[in-house]
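Step one of this worksheet: look at the structure below.
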Amino acid sequence: MAAPRARKYSAWLSWLALGAAAGAGAASIAAAGSSALAGYFARKVVTPEKEQPEDLPILAVLREGEELHIVFPATEETIVDGLYGLTFDEGRGNARIGAIRSYVPREGTVSRVVEEVVSGDLQHAIRGKWTGAVFQSPAEIGLAAEDVVINLPVGPAPAWLIRPAQQSLSSWAIMVHGRGARRTEGLRAVRTARELGLTSLLMSYRNDGDAPDAEDGRYGLGFTEWRDVEAAIEFALSHGAKDVVLFGYSMGGAVSLQTVDRSRYRREVLALVLDAPVINWIDVLAHQAELNRIPAPIGRYGQLMLSHPLGRRVTGLAAPVDLKSLDWVSRAEELRTPTLILHSKDDDFVPYGPSVELAKRNPELVTFVEFSQAAHTREWNVDPEHWDEVVKAWLGPRLGHYDLPRDTVPEEFLD
1 MAAPRARKYS
11 AWLSWLALGA
21 AAGAGAASIA
31 AAGSSALAGY
41 FARKVVTPEK
51 EQPEDLPILA
61 VLREGEELHI
71 VFPATEETIV
81 DGLYGLTFDE
91 GRGNARIGAI
101 RSYVPREGTV
111 SRVVEEVVSG
121 DLQHAIRGKW
131 TGAVFQSPAE
141 IGLAAEDVVI
151 NLPVGPAPAW
161 LIRPAQQSLS
171 SWAIMVHGRG
181 ARRTEGLRAV
191 RTARELGLTS
201 LLMSYRNDGD
211 APDAEDGRYG
221 LGFTEWRDVE
231 AAIEFALSHG
241 AKDVVLFGYS
251 MGGAVSLQTV
261 DRSRYRREVL
271 ALVLDAPVIN
281 WIDVLAHQAE
291 LNRIPAPIGR
301 YGQLMLSHPL
311 GRRVTGLAAP
321 VDLKSLDWVS
331 RAEELRTPTL
341 ILHSKDDDFV
351 PYGPSVELAK
361 RNPELVTFVE
371 FSQAAHTREW
381 NVDPEHWDEV
391 VKAWLGPRLG
401 HYDLPRDTVP
411 EEFLD
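UniProt numbering puts the last residue of the sequence shown at 415; the count rises by one with no breaks.
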C-alpha cells in the first residue's frame, strides 16, 4: 500500500515525472521535454487547487460499547495518535477522529475513536479526507463568532471575529492559513489566544476559495498575499486593536514574514507565531522536486520561470515572484520581530531545516520548538497540550500581563 505522504505529494507531478524518466532519443526532444516539465512544475506551485479529493477509504464504522470506532487503511497519517478531522460526502459531512484503539500491521488496518460526528451520515460514508483542521466552524469549539468583512486589495473577504471572555487586552491575533487551506485552519489556536486575552481574527485571503481571486488567479507564495494581511491589520487597528500577533501556518508563515518586512503596519506586529512555516521557498521547491523525482536542473529551471518576467507566459503569474526575498535563512538578521516557530522534525512537505537555521542565525529574536510525528502543520493535533503550553509560555510575557506558573512552563523556556 502506498504511503499517504507519497500519494499526497507526488500527485502534483507524477505523470510528468514518469514522462521525464522515459527520456528522449534526440537532444531537441529532451530539451523540449525538460522545458515542459519545468513549466508544469512552476505552474503547479502557484495554481490553487480548487478541490481536494476525498481519497482515504473508510473500511468500517462500528459501535464498540459506548464508543463509535472507524476503521481505515493503516497509513503514515492514520497510525499517528492525536486528534484530526475527517470530511466526507463531498465536504457535506464532518467528523472528529481521536485515539487509536487497535492497529493490526499484518492486516494493514487501524481503528480509531470517533469523537463526534458533527454533520453527515458517517455510517454510510465510503471515503473521506484526513485533515489537521479539526474544527470547521467556531461553533465547534463552543465560541460565538461575528461574521465580518475585510476589504482586501482584491475585494471584500469574509472573516470570523472571536472575542475573549474578558476584553483585557488591546492586542489581536490574526490567523493566516496556509496554501490550499482556509480560515478553519486557525481555529485550533483560538482557545489559546483567548486564554491570553487576545481577540482572534480568522481571515481569508486571495485565491483561497473564500476571498476573491487575484486577477491572475495565482498564488504569490507570500509575495502578494501580505497585502491582504496588511488589510486585516488595518481592520483590527480600526476596531480597537493597538497591536497584533500574526499566527501563520505553512505558506501563511511566508505571508506573515513578508508582512513584517514590507507592510506599513509592521511596527504594529508585536510577534509572530509560526506553525510549520515556509522560511525559504527555494529550499521547499528543491525538496518538492526531489520528492517527485524531478531532476535538480529541471527543478531549478522551474524556479527560474517563477522568478523571471519571461516565465509569466508559462506560470500565468501577473508578475514574477522574488524568491530571494522569501529566503529568510539568508535574511535572518533582517528579521526584527520576535518569532516563535513550532515545527515537526519529520515534516516532509516543508522541511524543518530552514526553521532551525533561522533560529540559529537570529537567536535573540527567534525561538524554535521541535515537535515530532506531526508531519505538516499538525503539531497541535499530535500534542495540543504541549502546543498550548509553549505558545502561552512564550507569548504571554510579550503581552505584558500573563505569568505562567513555573510548574506548567515547558522545558524549552526554563533556565
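Every residue gets a Cβ at the ideal spot worked out from N, C-alpha and C, and that includes glycine.
Asked, Found
"C-alpha gap between Glu334 and Ile279, whole angstroms", "13 Å"
"Length-filtered (3 minimum) beta strand (DSSP E) runs lying within the region 83-136", "84-88, 93-104, 109-119 and 127-131"
"Residue interval of the alpha helix (DSSP H) (run including Gly248)", "Not the alpha helix (DSSP H): Gly248 falls in the beta strand (DSSP E), residues Asp243 to Tyr249."
"Minimum C-alpha distance to Ser344 - residue among Asp327, Leu317 and Trp380", "Trp380"
"Coil, strand or helix - Pro397 by DSSP", "helix"
"Asp55, buried or exposed, once every other Cβ within 10 Å from all chains shown has been counted against 16", "exposed"
"Endpoints, beta strand (DSSP E) assigned at Phe349", "No beta strand (DSSP E) holds Phe349; DSSP gives it neither H nor E."
"For residue 435, the nearest candidate out of Trp130, Gly128 and Leu202 (CA to CA)", "In this structure the chain extends from 1 to 415, so residue 435 is not present and cannot be described."
"Proximity below 8 Å, CB of Thr315 to CB of Val46", "yes"
"Cβ contact (3+ pairs, closer than 8 Å) linking the region 381-393 and the region 192-200", "yes"
"Residues near Ser102 in its chain [Cβ-Cβ closer than 6 Å; skip 5 each side]", "Ser111"
"Proximal residues to Asp327 (C-beta, below 6 Å), its chain only, five neighbours per side dropped", "Asn280 and Ile282"
"Beta strand (DSSP E) segment containing residue 416, residue limits", "Nothing can be reported for residue 416, as the shown portion of the chain is limited to 1 through 415."
"Boundaries of the alpha helix (DSSP H) in which His287 is found, first to last residue", "Trp281 to Leu291"
"CB-CB length for Gly253 against Leu274, believed under 8 Å", "4 Å"
"Closest by C-alpha distance to Ser325, when choosing among Arg262, Phe135, Gln166 and Ala42", "Arg262"
"CB-CB length for Ala133 against Gly93, believed under 8 Å", "Between Gly93 and Ala133 the Cβ distance is about 14 Å, and since that is not below 8 Å, they are no contact."
"Integer Cβ distance of Thr109 from Val71, believed to fall under 8 Å", "6 Å"
"Proximity winner among Ala214, Ala211, Pro277 and Phe349, relative to Ser355 (alpha-carbon distances)", "Pro277"
"Whole-number beta carbon distance between Ala173 and Ser204, since they are thought to touch under 8 Å", "That pair is no contact at about 16 Å."
"First and last residue of the uninterrupted alpha helix (DSSP H) at Asp55", "Element bounds for Asp55: n/a, residue is neither H nor E."
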